[in-house]
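Going left to right, the sequence shown walks through residues 1 to 102 as full-length UniProt numbering numbers them. Where is the CB? At the ideal position from N, CA and C, for every residue including glycine. Quantities reported herein were computed from a predicted structural model and do not represent experimental measurements. Worksheet: the structure to be examined is printed underneath.
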Amino acid sequence: MQPVYLSIQQKATGERIRELLKKNGYTVKDIQKFMGFENPQAIYKWISGRSLPSIDNFLILSKVLHTSIEDILVVDGDIFALKLNLWKITIVHKFEKYINDN
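So, in structure tokens, the structure goes:
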């Protein structure tokens, strides 16, 4: 299988977080309260694209914003190849299971 190269587009992901906040009617202060942060600096860094949330914070955001982490992230790369490779892995795994069971 060929390797697949993906990269998270930090600035575009920040813009996506901003869009989702607006769409859901949340302010930075609202997210700060949901996250239990003492100050909003981390959230401002996320929406400006200067940093990304931790995986734990992505999970919280996905729940608060009623979406998946995958829908929050903006990824650059060969998504089609990634899906094709995952499909191939699934087929091979099912075939091997079938062979082993019979």
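Count the other CB atoms, across all protein chains shown, that sit within 10 Å of the CB of Thr27; report buried if there are 16 or more and exposed otherwise.
Counting from 1 along the sequence shown, the entry for residue 27 is found at position 27. With fewer than 16 other Cβ atoms within 10 Å, it is exposed.
Measuring alpha carbon to alpha carbon, tell me which of Leu20, Glu15, Thr13 ends up nearest Thr67.
Taking the sequence shown and counting its residues from 1, one reaches residue 67 at position 67. The shortest Cα separation from Thr67 among Leu20, Glu15, Thr13 belongs to Leu20.
Assign Ile17 to buried or exposed, taking buried as 16 or more other Cβ atoms, counted over all protein chains shown, within 10 Å of its Cβ.
Numbered from its first residue, the sequence shown carries residue 17 at position 17. Flag for Ile17 reads buried.
Please classify Thr90 as buried or exposed, where buried requires at least 16 neighbouring CB atoms within 10 angstroms.
Within the sequence shown, the letter at position 90 stands for residue 90. Answer is exposed; the Cβ neighbour count stays below 16.
With a Cβ-Cβ cutoff of 8 Å, do Thr13 and Ile72 count as a contact?
Against the sequence shown, residue 13 aligns to sequence position 13. Against the sequence shown, residue 72 aligns to sequence position 72. It is a contact, given that the beta carbons lie within the stated cut-off.
For a minimum of 4 consecutive residues, which ranges assigned as the alpha helix (DSSP H) are wholly contained in the region 11–38?
Whole alpha helix (DSSP H) segments, 4+ residues: 28–35.
Roughly how many whole angstroms lie between the Cα atoms of Lys97 and Glu38?
Locating residue 97 in the sequence shown gives position 97, counting from the first residue. Locating residue 38 in the sequence shown gives position 38, counting from the first residue. If you take the alpha carbons of Lys97 and Glu38, they lie about 50 Å apart.
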